[in-house]
């Protein structure tokens with residue numbers, strides 16, 4: 045996610061994102077984000093953020109102010125005010 049105060053116009057942000065290229069080595073990918081965070085992941089081995097292993101299990105399928113769904117999710121209800129959207133993944 046970008047912010048105009050940090051990243052300039054949307055066009056400037058878009059150009060900056062497109063200028064960052066992931067390095068793909070077989071089944072392993074490394075990438076440095078616009079904020080300077082270094083990500084590494086692949087088919088085997090852990091997901092690393094700045095060299096620290098990150099969990100890839102133990103969290104919900106989706107979690108926000110508008111919806112929560114366990115993993116694996118068979119369905120999800122997304123709500124805002126009186127509005128509700130129900131998704132069925134089965």
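Residue numbers (the numbering used here): 45 to 134.
Built from N, CA and C at the ideal position, the CB exists for glycine as well.
- Judged by DSSP in its simplified three-state form, residue 113 adopts strand.
- Contact between residue 92 and residue 84 holds, since their C-beta atoms are separated by about 4 Å, short of 8 Å.
- Here residue 54 carries a helix assignment [DSSP, helix/strand/coil].
- Taking the C-beta atoms as reference points, residue 99 is found no nearer than 8 Å to residue 112.
- Annotation: the continuous beta strand (DSSP E) that includes residue 123 extends over 119-124.
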